[in-house]
Amino acid sequence: MADKNGPDGTGETGRGKQRQADIRDDDLERRRRDLEASLATRRPDRLEGKDDAKAGSAAGYGQALKLSSEFIAGIVVGAGLGWIIDRVAGTSPWGLIVFLLLGFGAGVLNVLRSAGLMAEFGQGDKTHDPKE
0 MADKNGPDGT GETGRGKQRQ ADIRDDDLER RRRDLEASLA TRRPDRLEGK
50 DDAKAGSAAG YGQALKLSSE FIAGIVVGAG LGWIIDRVAG TSPWGLIVFL
100 LLGFGAGVLN VLRSAGLMAE FGQGDKTHDP KE
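Here numbering that gives the first Met the number 0 is used: the first residue of the sequence shown is 0, the next is one more, and so on.
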């Protein structure tokens, strides 16, 4: 059975004879006030950023809805055109397959244009200086 005295033979756990100095309540209170003052100087900036984050979040949802609807619209229009061509020309299912893939490509292209990752049609790369 284990000795009930503890690891150093004193019957106490922890640091044993090396005790920390007692921290007084007034010292803790002073440190708490200093911390509150430090946080109070930083808090207004953080709260304003929090409001901006909420506004940015709503704008992000709007942007996501716009991009997803443009992507889905491209696929639906491509599938619709393919289905109509299949019915008129009797080429089932090849018109649907081809135009579904074209609609997918058009949807991706629309998303890239809306997100600003690709130039608009006819804009090209205008990196050169017009004075030259």
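Even for Gly, the Cβ is constructed at its ideal location relative to N, Cα and C.
Kindly indicate which three-state DSSP category residue i falls into: helix, strand or coil?
i: Gly91; result: In the sequence on display, residue 91 carries Ser and not Gly. Here Ser91 sits in coil by DSSP.
i: Arg23; result: coil
i: Gly115; result: coil
i: Gly55; result: helix
i: Gly121; result: coil
Can you check which of these residues, the options, is closest to residue i by C-alpha distance?
i: Arg111; options: Phe70, Arg86, Gly61, Asp26; result: Per the sequence shown, residue 111 should be read as Leu rather than Arg. Leu111 has its Cα closest to that of Phe70, out of Phe70, Arg86, Gly61, Asp26.
i: Ser113; options: Gly61, Gly89, Ala88; result: Gly61
i: Val75; options: Ser56, Ala57, Leu101, Arg42; result: Leu101
i: Gly77; options: Arg86, Asp26, Val97; result: Val97
Around the Cβ of residue i, are there at least 16 other Cβ atoms within 10 angstroms (buried) or fewer (exposed)?
i: Leu116; result: exposed
i: Gly59; result: exposed
i: Leu99; result: buried
i: Ile83; result: exposed
i: Gly94; result: buried
i: Gly89; result: exposed
i: Gly55; result: exposed
i: Gly104; result: exposed
Suppose the cutoff is 7 Å on Cβ atoms and the five residues either side in sequence are ignored; what does the same chain contact list for residue i look like?
i: Gln19; result: With a pLDDT of 49 at Gln19, under the threshold of 50, the predicted position of this residue should be treated as unreliable, though the coordinate-derived value follows. Hits under 7 Å: none found.
i: Glu35; result: none
Determine whether the Cβ of residue i lies closer than 9 Å to any Cβ atom of chain D.
i: Gly55; result: No chain D is part of this structure, which consists of one protein chain only.
Sorted by chain position, which residues of the same chain lie with C-beta nearer than 8 Å to residue i's C-beta, five sequence neighbours on each side aside?
i: Gly121; result: none
i: Val107; result: Phe70, Gly73
i: Arg41; result: none
Sorted by chain position, which residues of the same chain lie with C-beta nearer than 6 Å to residue i's C-beta, five sequence neighbours on each side aside?
i: Asn109; result: Glu69, Gly73
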